[in-house]
Amino acid sequence: MEEEQLKMIMEQLRMSASGSGSHTSSNRTVSKASEAFDKATLVDAHNLMMRQAAEMQQMNLYRLQPAIVEADEASVGLAGLASIRIEELKLGVHHRGRVLYGTLCVDAFKVTGVISLLEDDRGKAVRLLVYNAAVSSSSAQAVRRLFPKDRAVAVKEPYLKRCVDGSIAVRVDNPANIVTAPAAPAPAAGTTHAGFDALRAEGNKRFASQDWLGAIELYSKCIDAATNSLHSSSSSSVKQDASKASVTTYSNRAEAWLRLHKFEKALADANKALELGLDSAPSLLKSFHRKARALCSLQQHKQSCECLEVALQQFPGQEEIRDSLDKCRIHMRQSEYGEYQSVNFLLDDSNKPASIPNYSDYVGAVEIRMADQSMRGRGLFATKDVQMGSLLLVSNAVAETQADRKTVYLHMDFTSRRINTGAQEDIVTKLVDRAMGSPKFLKQLNTLKGSSSASCSLEVPSMELFKPNSVSPFLTTAEELQDESAQIDIVRIREIVKYNAFGKSGTISDSAGAKFGEELADRSCGLWMLPSFINHSCIPNASMIFLGSVMFVHAAHDIRAGEEVTLPYFDALVPYKQRETLCSNWGFFCLCRRCEFERSLCTPLRPIANPFSALHKKARKEFSARFAGQLSNSSHSPECAEFHKLAVKLENTLRSLGNLAPTEKQWIQASFAAAYLAGSKPFGLAMSSDSAGTRLPQLQTLLNSMHATVPGHMMTFQVAAALTQPAVRGIGSDCSSNLAQQLALEVCTSTFGKHNPDALRALLQSYSNKKLHLGGY
Ligand SMILES: C[S@@+](CC[C@H](N)C(=O)[O-])C[C@H]1O[C@@H](n2cnc3c(N)ncnc32)[C@H](O)[C@@H]1O
């Protein structure tokens, strides 16, 4: 990416995001409110901006996914807000307790935020800037559907700001602060059979062109018209037509909601279609399927199975339902008993991201409790003794971004006048979108740490909220759905992302933490609900792997009942100072035994730690290159000699430190593992002792240290996999011993969970052959 180009684009966007570009000729500096709210002038400016935005998009240099957060933005309920007119709005004021009603009088478009124009009942207009609305920037259609022309809207607690060019606009950072009125009722033509069919057919056309919102709008009109006819017509044939039309259309709308990942709405529509139940078999079948899919996506696998069992009773010969039921039962076993056949996928030669199966959530023998050290807040604890490799939980990402190299996520902070980039911005938008219409999801989300304030005051939420198949008492009530967005607080959501989201590709720069929005490298990032309660340790007892966007957490060592489950938040196979910085990015200071010990050795280790930290990335790279099948290649990077020297120096320092406990020595060796590896015989320099005769630890000894310190680390697994390779065994290390082979299997169990020895060996072999491509540290 050309930095200059990016800077230029950001600047253009910054201008247009502030209202309109100062380069737009038709924009004048306006000072008087009466001029500022003149509809004709504003429509002209709007149309010009829209054309310019389209031109910019045609340049198609980058796909920009911007999001902006500025003020404190908790959304309140509509009830009790007093209305305010456009001319009464005051500049720079957040009109608390007020609501602005109006009609969207132009086609909306999106640059950094959605831009539209709101007209009130006095014919005055004001530009509307809506940020963080989850509409794909590439789809002008989706923007128009979300903010349709001629639609009545209410803007809660409007905030009027002056833009850089002098124009003024109502700025909305939290999309939950805009309530769009339902579409106008269906025209009279819809009250005949042909009319219903026409509306539904038009909806189906929109559906076929993947305009889900457009389809939903037409389906809704069809349902309204059918319902009106049912109530108002005296003709029994019209009533029958109306009832048939609404059953099919509810079912179709359920599918459109499914496509939009609005599972609660999909479930409500599928339920309605089944309740009315007068439909012909194909539509009824589809409704069962749609209900089952919605329940499955809501992690209600038991209910999903029940739904399909009822369907099978009604349609005994239906193979499709039988197939779905079989699949659903697999999910049921996953979610209830943790029975996953993930190893099959891991060992499948053709394993590709696109073929990753759907996995259900699972909650094993863990619960949330207050952590022992109160400043750690809540943590996840084992409820019984668990063995190494036991599955603790499986969690689907609730929001994830897998950005490619062409996608740039922008964060424009107008308060600090900074523009940052980071995939976390996209997560915020996705979470807001998901929270709209899902009170249960919002409830779950709001249990996560979302501020820097005292961790000890955090509440311990009920585990029922996170367990798959648990419905009651978190059913969505009609009341909750009425003002579904009332609780969405975008500032809090942004903070939640800051404290809980992380990258999964396993490099230091990919981890999110408090580096929110600042790293161009933050391209992959996600949020997992229950795993967000797991605290960090530099000597963790759990490990995580990702299959697609699903996180599997295993016990990486035996864990006793009542013990806290911990994970490394970052690559913890690095020396103390690096870990300290990474912890501080997450907003805490680590008090684990390893950190306390290494802190006490900062002075003697400094001559090694400083040069190592500068070269650490190179060491990792060298190791990875050597590991990736080039072991026979005798060439190595010039730094290898440097790593070797550092490793020798470290061994001598450890010796001079006298009586270190074996665990303490292992911690230090693990911190500098990359230096040992890149400077060692099999992976780097072809020698294992220096001229003075200092011997470096054997590979197996080093592996033991890494495994004892950060089990489940990908580099640890790679070393274990290498131990099983003849190329490494042949170098005269102690790798061929049974003990070494046993250790390799143990490391594999820590990383991938319990499997039979043959499967573990196959995994080690498969990794050696580079067939596995997984996230994790
Ligand atoms: C993903 S959350 C973990 C759950 C959190 N403890 C809670 O109560 O919600 C990350 C936050 O937990 C706290 N934390 C995690 N590990 C910690 C540790 N080892 N020491 C102190 N605080 C820690 C920090 O405040 C961090 O920002």
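According to our numbering, the sequence shown is numbered sequentially starting from 10.
Even glycine gets a Cβ: it sits at the ideal position worked out from N, Cα and C.
Keep in mind the model is a prediction, meaning the values are calculated, not measured.
Considering only their Cβ atoms, is the gap separating residue j from residue i smaller than 7 Å?
i, j, result
"Ala510", "Val719", "no"
"Leu624", "Glu648", "yes"
"His298", "Ser344", "no"
"Gly101", "Leu127", "no"
"Asp220", "Gln150", "yes"
"Leu208", "Leu222", "no"
"Val164", "Val123", "no"
"Leu113", "Val179", "no"
"Leu576", "Met553", "yes"
"Ala749", "Ala729", "no"
"Leu686", "Phe632", "yes"
"Leu400", "Gly373", "yes"
"Ala570", "Lys393", "yes"
"Ser333", "Leu317", "yes"
"Ser84", "Ala185", "yes"
"Ala564", "Gly721", "no"
"Asn405", "Asp442", "no"
"Ala117", "Ala161", "no"
"Phe9", "Phe579", "Residue 9 cannot be examined here, being either before or after the span of the chain that is shown, 10 to 786."
Could you compute how far the alpha carbon of residue i sits from the alpha carbon of residue j?
i, j, result
"Leu711", "Leu155", "57 Å"
"Leu732", "Leu772", "13 Å"
"Pro584", "Leu659", "12 Å"
"Lys654", "Leu614", "14 Å"
"Asn478", "Leu51", "52 Å"
"Gln774", "Lys452", "44 Å"
"Glu468", "Thr257", "45 Å"
"Gln322", "Met58", "58 Å"
"Gly446", "Leu474", "17 Å"
"Ala551", "Gly386", "19 Å"
"Ala684", "Leu663", "15 Å"
"Ala444", "Pro766", "44 Å"
"Asn261", "Cys757", "47 Å"
"Ile330", "Ala282", "18 Å"
"Pro549", "Cys611", "22 Å"
"Val108", "Cys305", "38 Å"
"Lys458", "Ile497", "15 Å"
"Pro291", "Phe561", "38 Å"
"Asp531", "Met397", "Since pLDDT at Asp531 reaches only 42, below the 50 mark, its modelled position is unreliable, and the value read off the structure follows with that caveat. Distance between the alpha carbons of Asp531 and Met397 is about 32 Å."
"Lys507", "Glu315", "39 Å"
"Lys449", "Val352", "32 Å"
"Asp250", "Phe205", "8 Å"
"Glu376", "Phe542", "9 Å"
"Ala263", "Gly326", "25 Å"
"Leu490", "His270", "Unreliable positioning characterises Leu490 in this predicted model, as indicated by a pLDDT of 48, which lies under 50. The coordinate reading is nonetheless provided below. Distance between the alpha carbons of Leu490 and His270: 16 Å."
"Val181", "Pro540", "32 Å"
"Phe726", "Leu440", "34 Å"
"Leu402", "Arg268", "27 Å"
Would you mind sorting residue i into buried or exposed? The rule is 16 or more other CB atoms within 10 Å of its CB.
i, result
"Met787", "This structure does not reach residue 787, given that the chain is present from 10 up to 786, and the question cannot be answered."
"Gln350", "exposed"
"Asp233", "buried"
"Tyr346", "exposed"
"Glu166", "buried"
"Asn141", "buried"
"Leu22", "Residue confidence is low: Leu22 scores 46 on pLDDT, short of 50, so the model does not pin down where it sits. Its coordinate-derived value is still stated next. With 16 or more other Cβ atoms within 10 Å, it is buried."
"Phe598", "exposed"
"Lys274", "buried"
"Pro706", "buried"
"Gly106", "exposed"
"Asp794", "Because the chain in this structure spans residues 10 to 786, residue 794 falls outside the shown range and cannot be described."
"Glu284", "exposed"
"Arg302", "buried"
"Arg215", "buried"
With a threshold of 7 Å between beta-carbons, can residue i be considered close to chain C, or not?
i, result
"Arg588", "Absence of chain C from the displayed structure is noted, only one protein chain being present."
Check whether the segment 590-604 touches the segment 744-761, counting contact only when three or more Cβ pairs, one atom from each stretch, lie closer than 8 Å.
No: the two stretches stay apart, fewer than three of their Cβ pairs being nearer than 8 Å.
Counting Cβ pairs closer than 8 Å, one from the segment 761-770 and one from the segment 363-372, do we hit at least three?
Segments in contact, no.
Kindly confirm or deny that the segment 378-394 and the segment 434-445 touch, where touching means at least three C-beta pairs closer than 8 Å.
Verdict: no, contact absent.
Jot down the residue ranges of each uninterrupted alpha helix (DSSP H) in the segment 203-291, minimum 4 residues, whole runs only, in chain order.
As far as the segment 203-291 is concerned, its whole alpha helix (DSSP H) runs of at least 4 residues are 221-241, 245-268, 272-285.
Could I get the ranges of all uninterrupted beta strand (DSSP E) runs contained in the segment 102-161, with 3 residues as the minimum, in chain order?
Entirely contained in the segment 102-161, the beta strand (DSSP E) runs reaching 3 residues are, in chain order, 107-113, 123-128, 134-139.
Just list the alpha helix (DSSP H) runs in the segment 347-382, keeping only unbroken ones of 4 residues or longer that don't cross its boundaries, in chain order.
For the segment 347-382, whole alpha helix (DSSP H) runs of length 4 or above, ordered along the chain, are 351-356.
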